[in-house]
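Novice: Please find one structure pasted underneath; my questions will follow.
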């Protein structure tokens, strides 16, 4: 009998372990909302304020419907702003003309934060560090844009204008923008994408020789690539220090190109044959930033399929897992590639994304996914939503805690109450200190509360009340509810039971 009980106990633990890997309670599930060239939001420039806000709410609601928990909102796509700024002009992709404020006036970033918080979504601010003008022939450029105020800070490469990374003024300006936005807005993370030095243009050298001669910092002429990497190292370190000084609980995340270096040029690199790499072409030495503790999370953009010959998703994901170096690691994945007419048959269905999520969960250092991009939530390519919710994202998940940021500990929510009125249940509670998001769990009466199983998550919200319909799966005579709070840094409080005082029919 004892052996049988021991076997059953071991079996139970094994099943629980498998379930935890298949349905993790903590997992990053993020969506990028790209504003550059109106990729995701707003759908076109010059929309009315009402239409802009309706589209934003639609994307946030869709994120919740897909059981995502984080949005990455691009607020500085081209040295411009989707918020009022004394440093850079309003974005042309908001109103159609750079420098023109929305009319009637509102703050899109403030609106996004407020609405995201209501829905219990994490908010990451996405800024591009160096891009100033996407297309010099077509762009709307305001008189007060930095390229007009400080033309000596910029260079032209291809059809675009960029900050010259070799100049101290460049680093100082970007750090000032970051400090300004973090002082004024309550956000969870600051996020940079893969555009440091721009991707190489064949036959065209990036025009930074003058800056190299002015600020060589001890590098010789045959070390120019090392100098360029040092330029980027300097701005990453400066931004880390800036964030630490303004709000040390805000995470600093980088989403680089998927390949750091090819193994053919560096034994530490991955078994890939990428045409360009972070280290050699974008001059972004990501591994150093991780090792130095300058960044808090890393999201390599692995926009290729499992088995791709020159850049196999599985090989690259494994490489990053082995090189997480203490950073939270999320994988950037390509919703946008799903297309029944794709040249790659692997992308002609949404199954590739499901395979990638399943694979991610087998690696010990991969803590979730970030998906490009939000307009795919609307189009739902190849029934992606239904397939995700059927299996991989059947239950909600809470964002991971990032150990590299200064933590905030939440109090338990106060006085949670349930009121049953007709066909509706109304829940209310009072926030405690450091309560940013609330997690409500549902359990069958007579069963012990297990808050580690995501199947028991009933709702995640930033509000201090919710109302929902009474049915056989929610009736308080059959189920009981408990509530916890999460802080700004995703620490979860202990739970508190909802009172049963108002359950009269």
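In mature numbering (1 follows the signal peptide of the UniProt record, and there is no 0), the protein residues as written are -20 to -1, 1 to 485. For each residue, glycine too, the CB sits at the ideal point set by N, CA and C.
So, with DSSP's three-state summary, where would you put residue 363?
Specialist: Three-state result, residue 363: helix.
Novice: Return helix, strand or coil for residue 272, following the three-state DSSP convention.
Specialist: Helix at residue 272.
Novice: Identify the continuous alpha helix (DSSP H) that holds residue 128 and give its terminal residues.
Specialist: Its alpha helix (DSSP H) spans residues 126 to 129.
Novice: Counting along the chain, where does the alpha helix (DSSP H) carrying residue 412 start and finish?
Specialist: Residue 412 -> no alpha helix (DSSP H), and no H or E assigned at all.
Novice: Contact check, residue 388 vs residue 471 under 8 Å by CB: the rounded distance?
Specialist: Confirmed, about 7 Å.
Novice: Take every Cβ of the region 6 to 15, pair it with every Cβ of the region 371 to 386, and state whether three or more of those distances are shorter than 8 Å.
Specialist: As far as the Cβ criterion goes, the region 6 to 15 touches the region 371 to 386, which means the pair count is three or higher.
Novice: Alpha carbon to alpha carbon, how far is residue 420 from residue 23? Give it in angstroms, no decimals.
Specialist: Rounded to the nearest angstrom, the two C-alpha atoms are 34 Å apart.
Novice: Can you give me the start and stop residues for the beta strand (DSSP E) that residue 72 sits inside?
Specialist: That residue, residue 72, is in no beta strand (DSSP E); its alpha helix (DSSP H) goes 72 to 75.
Novice: Do the region 221 to 230 and the region 279 to 287 make contact, defined as three or more Cβ pairs closer than 8 Å?
Specialist: Contact fails: fewer than three Cβ-Cβ distances are below 8 Å.
Novice: Let me make sure I understand the geometry here. Which of 3, 98, 475 and 29 has the alpha-carbon closest to that of residue 50?
Specialist: When each option's Cα is compared against that of residue 50, the closest is 98.
Novice: Name the residue from 457, 452, 398 and 404 whose alpha carbon lies nearest to the alpha carbon of residue 444.
Specialist: Nearest of 457, 452, 398 and 404 to residue 444, Cα basis: 398.
Novice: Taking just the CA atoms, how far does residue 272 sit from residue 58?
Specialist: Each residue's Cα considered, the two are about 28 Å apart.
Novice: Which one or two residues does DSSP pair with residue 233 in a beta bridge?
Specialist: DSSP output for residue 233 lists 171 and 277 as bridge partner(s).
Novice: At the level of alpha carbons, what is the spacing between residue 405 and residue 266?
Specialist: Taking the straight line joining both Cα atoms gives about 50 Å.
Novice: Distance check for residue 392 and residue 65, CA to CA, integer angstroms please.
Specialist: If you take the alpha carbons of residue 65 and residue 392, they lie about 37 Å apart.
Novice: I need the straight-line Cα distance from residue 96 to residue 104, nearest angstrom please.
Specialist: Their Cα atoms are separated by approximately 11 Å.
Novice: Note down the Cα distance separating residue 330 from residue 60, rounded to an integer number of angstroms.
Specialist: Rounded to whole angstroms, residue 330 to residue 60 spans 35 Å at the Cα level.
Novice: Specify, as a first and last residue, the run of the alpha helix (DSSP H) that residue 67 falls within.
Specialist: It is not in any alpha helix (DSSP H) - residue 67 carries neither H nor E in the DSSP assignment.
Novice: Roughly how far, in whole angstroms, is the beta-carbon of residue 19 from the beta-carbon of residue 39, given that I think they are within contact range, below 8 Å?
Specialist: Rounded, the Cβ-Cβ distance is 12 Å, inconsistent with contact.
Novice: Is it right to say residue 182 is buried, meaning 16 or more other beta carbons lie within 10 angstroms of its own, or is it exposed?
Specialist: Its Cβ having fewer than 16 others within 10 Å, residue 182 is exposed.
Novice: With 16 as the cutoff for other CB atoms within 10 Å, does residue 36 come out buried or exposed?
Specialist: Residue 36 is buried by the Cβ-count criterion.
Novice: Would residue 394 and residue 349 be called neighbours here (beta carbons separated by less than 8 Å)?
Specialist: In this structure, residue 349 does not lie closer than 8 Å to residue 394 by Cβ.
Novice: Taking the DSSP output, what are the residues bridged to residue 375?
Specialist: None; residue 375 has no bridge partner.
Novice: According to DSSP, is residue 96 part of a helix, a strand, or is it coil?
Specialist: Three-state result, residue 96: helix.
Novice: What are the partner residues of residue 549, as DSSP defines its beta bridges?
Specialist: Outside the shown range of the chain, which is -20 to 485, sits residue 549, and nothing can be said about it.
Novice: Between the alpha carbons of residue 81 and residue 111, how many angstroms are there, rounded?
Specialist: Spanning the two alpha carbons is a distance of roughly 21 Å.
Novice: Classify residue 171: buried if its beta carbon has 16 or more other beta carbons within 10 angstroms, exposed otherwise.
Specialist: Buried, because 16 or more other Cβ atoms sit within 10 Å of the Cβ of residue 171.
Novice: Could you tell me if residue 251 is buried or exposed, where buried requires 16 or more neighbouring beta carbons within 10 angstroms of its beta carbon?
Specialist: So residue 251 counts as exposed.
Novice: Kindly list the residues whose CB is nearer than 8 Å to the CB of residue 474, restricted to its own chain and excluding five residues on each side of it in sequence; keep chain order.
Specialist: These residues qualify, in order along the chain: 392 and 464.
Novice: Quick check on DSSP: helix, strand or coil for residue -4?
Specialist: Note on residue -4: pLDDT 44, under 50, position unreliable in the model; the coordinate value appears next. Helix.
Novice: Would residue 116 and residue 151 qualify as a contact pair, given that the criterion is a beta-carbon distance under 8 Å?
Specialist: Going by C-beta atoms, residue 116 is not nearer than 8 Å to residue 151.
Novice: Give the DSSP bridge partners of residue 45, in chain order.
Specialist: Note: residue 45 sits in no beta bridge, so no partner.
Novice: What span of residues does the alpha helix (DSSP H) with residue 333 cover, start to end?
Specialist: Run containing residue 333: 331 to 340, per the alpha helix (DSSP H) assignment.
Novice: Going by the CB atoms, is the gap between residue 286 and residue 335 shorter than 8 Å?
Specialist: Yes. Within cutoff.
Novice: Over what stretch of residues does the alpha helix (DSSP H) that includes residue 397 continue unbroken?
Specialist: Where residue 397 is concerned, there is no enclosing alpha helix (DSSP H), although the beta strand (DSSP E) it sits in stretches over 394 to 401.
Novice: Could you say which of 346, 268 and 236 lies nearest to residue 257 if we only look at CA atoms?
Specialist: Cα-wise, what sits closest to residue 257 is 236.
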